[in-house]
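Remarks on the structure that follows.
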Amino acid sequence: MTQNADPSILFPPLVKGAAQAITDYRMIEEGDRVMVCLSGGKDSYTLLDILLHLQKRAPIHFEVVAVNLDQGQPGFPKHVLPEYLTRLGVPFDILTEDTYSIVKEKTPEGKTTCALCSRLRRGILYRHAREIGATKIALGHHRDDILETLFMNMFFGARLKAMPPKLQSDDGTNVVIRPLAYLAERDIERYAQAKGFPIIPCNLCGSQPNLQRRVVGEMLEGWEREHPGRLQNILRSLTRVTPSHLLDRDLYDFAGLSVTPAEGDRGFDGEEYPEREFLAGLSNLTLLG
């Protein structure tokens, strides 16, 4: 962990990465009202900082409103977020719903609370977004969250599926965005420590030992230590998919294949990997001003 780091040095690369993701996936548009879901963790604090910065610099106008869901966890410091957001001068809403008791009651001993907790929280936040007229719901998931989800689905669900940077909710009434999709957790962590955010720990998922997601996360961290840049390459691979060289019959008509396809055997040829960075061209972003 970086000690006594200067947040003014750590912040610009985070802004550039987030701005690139926002641009690539058209996450925020003119006139949007963005509801930032603030949990009290390092990721959502960083997300709020970035969006407030872009709000001042972007060539478009959009609103930002912060929302926190108080889930009734014992010992939850109710004063922390209101005081912090008031100091920032950010419009905010604090929602109070005792989902903690429901999750503890419904989850069998030894099972993870994440799935039920997420569903309950998601439903409450979606409803509130509709009530306040939010056009986008911003979540603080980062690159490592996306890759953990990819491997969790592969290892335990037999599905090739990750977290999309932008999606429509199941009921079709909300658009969820993840502006931190390109950012590494370690960079967010360094910035959060340098800023001294008033972190609020989670007493549900954060307190459970031996979570499979934690195991997968440790695996990815090990890969990155041994082979720096590997996680960025895996993320990049999600943007360069060749359906004809996978096995999904719904994505590609293998049964109807009768002549050499456009990709053909060239899909197995060695590539000349460009030496540019995955986020090359960030200096040209007009969004940053």
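In the working numbering, the protein residues as written are 22 to 310. Every residue, glycine too, gets a C-beta built ideally from N, C-alpha and C. Quantities reported herein were computed from a predicted structural model and do not represent experimental measurements.
Grab me the residues of residue i's own chain with a C-beta within less than 6 angstroms of its C-beta, minus the 5 sequence neighbours each way, in chain order.
i      : result
Ser279 : none
Glu206 : His163 and Asp165
Pro5   : The structure shown does not extend to residue 5, since the chain is modelled only from 22 to 310, so the question has no answer here.
Thr170 : Ala183 and Met184
Asp53  : Phe83, Thr156 and Lys157
Phe172 : Val237
Give me the Cα-Cα distance between residue i and residue j, rounded to the nearest whole angstrom.
i      : j      : result
Pro222 : Asp64  : 12 angstroms
Tyr212 : Ile30  : 9 angstroms
Ser209 : Glu51  : Looking at the sequence shown, residue 209 is not Ser but Ile. So the alpha carbons of these two residues sit roughly 27 angstroms apart.
Leu75  : Val36  : 8 angstroms
Met22  : Pro34  : Low local confidence applies: a pLDDT of 43 at Met22 is under 50, so the model's placement there is unreliable, with the coordinate-based value given in what follows. Approximately 17 angstroms, taken between the alpha carbons.
Gly277 : Asp271 : 12 angstroms
Ala155 : Gln214 : 30 angstroms
Val88  : Phe275 : 47 angstroms
Leu232 : Ile220 : 21 angstroms
Glu152 : Val57  : 15 angstroms
Leu116 : Glu245 : 38 angstroms
Glu48  : Gly238 : Strictly speaking, residue 48 in this sequence is Met, with Glu absent from that position. For Met48 and Gly238, the distance between alpha carbons rounds to 27 angstroms.
Gln253 : His100 : 38 angstroms
Arg261 : Ile255 : 10 angstroms
Asp119 : Gly61  : 17 angstroms
Leu102 : Lys77  : 22 angstroms
Leu188 : Ser265 : 25 angstroms
Phe97  : Tyr273 : 50 angstroms
Pro230 : Arg251 : Confidence is the limiting factor: at Pro230 the pLDDT is only 49, short of 50, which leaves the residue's position unreliable, though a coordinate-based value still follows. So the two alpha carbons sit approximately 27 angstroms from each other.
Leu241 : Arg257 : 15 angstroms
Ala150 : Asn195 : 8 angstroms
Glu247 : Leu259 : 21 angstroms
Phe218 : Glu104 : 12 angstroms
Gln92  : Tyr66  : 18 angstroms
Phe13  : Val236 : Since the displayed the chain opens at 22 and closes at 310, residue 13 lies outside it and no answer follows.
Leu106 : Phe32  : 19 angstroms
Ala26  : Thr263 : 42 angstroms
Asp269 : Ser190 : 24 angstroms
Among all the DSSP beta bridges, which residues are the ones paired with residue i?
i      : result
Ile115 : Asn89
Gln189 : Val196
Cys58  : Val88
Ile43  : Partner(s): none; Ile43 has no beta bridge.
Ile158 : Met56 and Val197
When the Cα of residue i is compared with those of the options, which residue comes out closest?
i      : options                          : result
Arg317 : Arg234, His82, Thr156 and Tyr121 : Since the first residue shown for the chain is 22 and the last is 310, residue 317 is missing from the structure and cannot be characterised.
Val85  : Thr170, Arg234 and Ile158        : Ile158
Arg148 : Leu73, His82, Val197 and Leu267  : Val197
Asp45  : Ala87, Gly217 and Arg199         : Arg199
Gln41  : Asp119, Ile71, Gly243 and Arg108 : Ile71
Asp192 : Arg143, Asp114 and Cys138        : Arg143
Leu168 : Ser60, Leu268 and Arg234         : Arg234
Ile43  : Pro185, Ser258 and Glu239        : Pro185
Tyr203 : Asp27, Gln189, His266 and Leu68  : Leu68
Leu59  : Phe113, Tyr273 and Phe32         : Phe113
Strictly under 7 angstroms for the Cβ-Cβ distance: is residue i near chain D by that measure?
i      : result
Leu171 : Going by chain labels, chain D is absent from the structure shown, which holds only one protein chain.
Going along the chain, which residues of its own chain have a beta-carbon closer than 8 angstroms to the beta-carbon of residue i, five neighbours each way excluded?
i      : result
Asn174 : Arg180, Leu181, Lys182 and Ala183
Ala73  : The sequence given here places Leu at residue 73; Ala does not occur at that position. These residues qualify, in order along the chain: Val85, Leu109 and Val111.
Leu267 : Leu181 and Tyr273
Assuming residue i and residue j make a contact with CB atoms under 8 angstroms, what is their CB distance in whole Å?
i      : j     : result
Val55  : Phe83 : 6 angstroms
Leu160 : Ala39 : Wrong, their Cβ atoms sit about 13 angstroms apart, outside the cutoff.
Lys216 : Pro28 : 5 angstroms
Within the same chain, show all residues whose beta-carbon is closer than 7 angstroms to that of residue i, passing over the 5 residues directly before and after it, in chain order.
i      : result
Ile145 : Leu90, Leu116 and Glu118
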